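The letter at position 303 of the sequence shown is residue 303 when you use full-length UniProt numbering, and the numbering goes up by one with no holes. Some notes on the structure that comes next.
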Amino acid sequence: MDVFLQGARDALTFSAILSVIGGILLGYMVGVLPGLSRPAALSVAVPLTYAMSPIGAIAFLVGVTKASAAGGATGAILLNTPGEPSSAATTFDGYPLAKKGEATRALKVALYASVFGDLVATMILILLAASLAQFALKMGPVEMTAVMIFALSFIAALSGTSLTRGIIAGVLGLLLATIGLDPESATPRMTFGFIELFDGIPLIAATVGMLAFTEMLLQVQALFANRGDASEAAGFERETDKSLHAADVKRVFPVTLRATGIGIAAGIIPGLGPTIGAFLSYAINKRLARPGDQYGEGDLKGVAATEAADNAVLPASLIPLFAIGLPGSVSAAILVSAFMLHGVQPGPLVFEQHPRLIYGIYVSMIIASLVMLVVGRLGLTLFARVTMVPARFIIPFVVLFCVVGTYLERDTVFSVFAMLALGLLGFIMQRFGYSVVTFLIGFVIGPLFELSLRQALIVTNHSPLAVIDHPIALAFLVAAVGSLFLFLRTNR
């Protein structure tokens, strides 16, 4: 109890609360601006936390992540242009509502559903993470190897229409993670004589390059391809009713509750992420539609179904991160770098080594949810106006942050060149349908996967049949094969 109070006191300091507010404001701006995704914003924001305390840094990044998810609905509803991929499903009903003169009502439902999904998922995180961590402590290298094989196969199967391309992207991420010194013999591997590569490719360079810089390249391409085109804005002047009534709340609440559960499940399972969670929630709720529902034609239920699930993913994705050190989404994977920058290794031991910090993060996440509600409600109209900022003004500033943020990690130009090279690689992968998400998950868990695999080979004396003596590992391997089989069956 004393540790919890100490963590809560840390989270309630002026600097920590200010960090949350700053993160919420930045996150909303990023979410509102079309083309700037949540992971890209998070990867650029991580270097800004160097001088912060651990609780302030994580609180700031949590604020960025939560608010960018909620802000992404603004462009989706008003301009039919989602602020990020996970908000794409919101356009199905959000934009038709705006065209019918119900833009403000749609924005309010998106905000309240986002806050509800986020807050409930945060509570689930607080209740389950420690328990799962105790279970995770019983897992040895064989079990951990099987878990990561399952995660990679599941991610590859759900990352796109091609299983082969998903697997190739994940394996490529694993291979790039092996660059550096061998963990056992300290022998340089694929460093090509560059001392800067002895510690491997910088994680910040990889995330910033593959996400933020890649997206800017795609935005430049789209800018030139659509030069002269303008998005149609749904104006507020056509609105006749801006209020949410008790009947609306009663009608939308069951969908919001169901969508929150779907988002939590999508966050706990590594690799699904907010985009899949939002589309999955929309599909399930549409299938369960009642007579009179108008999914796809402008229904508040459709907005609630996507936004609640989208925002429930992040807190839930921290459950596998805290429990076994395995990120459940790209955003959680990027948070790993922030934890490690401040001397914290995510995993089951974090509850024993840094309990005060974890409790402080919990309280900060609840504060972030409440601040998100207040800021979102007060800035409803203001944030909507930001969608009119042309992309040609946004792109140069984001590229500048990419360069500066990457340079600050190691104070070397080499990191900048690595970021640019990986950004170009991400652009090529996107063009040919290879999943950047799968690549980054493979890159993040690569070192841990290699270490666990080596330890597992020693424990089992290099015998594959020894996995029979490890039922948990066997279950995950069967699940990995099952996920691949299910994908192949449904994509013939």
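Glycine is no exception: its CB is placed at the ideal position from the N, C-alpha and C atoms. Here the structure is a predicted model, which means the values were calculated and not measured.
Contact between Tyr95 and Ala76 holds, since their C-beta atoms are separated by about 7 Å, short of 8 Å.
With a cut-off of 8 Å on Cβ pairs, the segment 207-227 is not in contact with the segment 272-282, counting fewer than three such pairs.
Around the Cβ of Phe443, a 10 Å sphere holds 16 or more other Cβ atoms; the residue is buried. Across the set Ser364, Leu280, Arg287, the C-alpha of Ser364 shows the shortest separation from the C-alpha of Ser15.
Counting along the chain, Phe4 sits inside the alpha helix (DSSP H) bounded by residues 2-11.
Just so you know, the alpha carbons of Leu370 and Pro141 end up roughly 40 Å apart.
Between the segment 89-107 and the segment 341-355, the count of Cβ pairs shorter than 8 Å is below three; the stretches do not touch. The beta carbons of Val313 and Ala266 sit closer together than 7 Å.
The DSSP-derived three-state label of Gly347 is coil. Distance from the CA of Val252 to the CA of Lys301, rounded to the nearest whole angstrom, comes to 5 Å. Distance from the Cα of Ile126 is smallest, within the candidate group Ala110, Ile262, Ile366, for Ile366.
Shown here, Gly101 sits in coil according to DSSP, grouped into three states, outside any helix or strand. Taking C-beta atoms as the reference points, Gly193 and Gly180 fail to come closer than 7 Å.
In the three-state reduction of the DSSP assignment, Pro188 falls in the strand class.
Around the beta carbon of Lys250, fewer than 16 other beta carbons lie within 10 angstroms, which makes this residue exposed. Between Ala205 and the set Ala45, Ala309, Ile167, Phe60, the nearest pair of CA atoms involves Ala45. Excluding residues up to 5 positions away in sequence, Pro39, Leu42, Ser43, Val46, Thr207 lie with their Cβ nearer than 7 Å to the Cβ of Ile334 in the same chain. Sixteen is the threshold: when 16 or more other Cβ atoms of the shown chains lie within 10 Å of the Cβ of Phe439, as they do, the residue is buried.
Counting every other CB atom within 10 Å of its CB across the protein chains shown gives Arg105 a total of 16 or more, marking it as buried. DSSP, reduced to helix, strand and coil, places Leu181 within a strand of the structure shown. If you ignore the 5 residues before and after Ala479, its C-beta comes within less than 7 Å of the C-beta of Phe150, all in its own chain and listed in chain order. For Ala308 against Gly376, the beta-carbon gap comes to about 14 Å, at or over 8 Å, which does not count as contact.
The beta carbon of Asp182 sits closer than 7 Å to the beta carbons of Arg189 from its chain, once the five residues preceding and following it are set aside; these are given in chain order. For Leu378, the enclosing alpha helix (DSSP H) starts and ends at 355-378.
Residue nearest to Gly347 within the set Val330, Leu257, Ile358, Phe322 is Phe322 (criterion: CA-CA distance). Counting every other CB atom within 10 Å of its CB across the protein chains shown gives His245 a total below 16, marking it as exposed. Pro54 sits in a helix when the DSSP states are folded into three classes.
Closest option to Val20, judged by alpha-carbon separation, among Glu352, Ala456, Met148, Gly360: Gly360. The beta carbon of Ser86 sits closer than 6 Å to the beta carbons of Pro274, Thr275, Ala278, Asp310 from its chain, once the five residues preceding and following it are set aside; these are given in chain order. Relative to Val481, the option among Met148, Thr91, Ser153 whose CA is nearest is Ser153.
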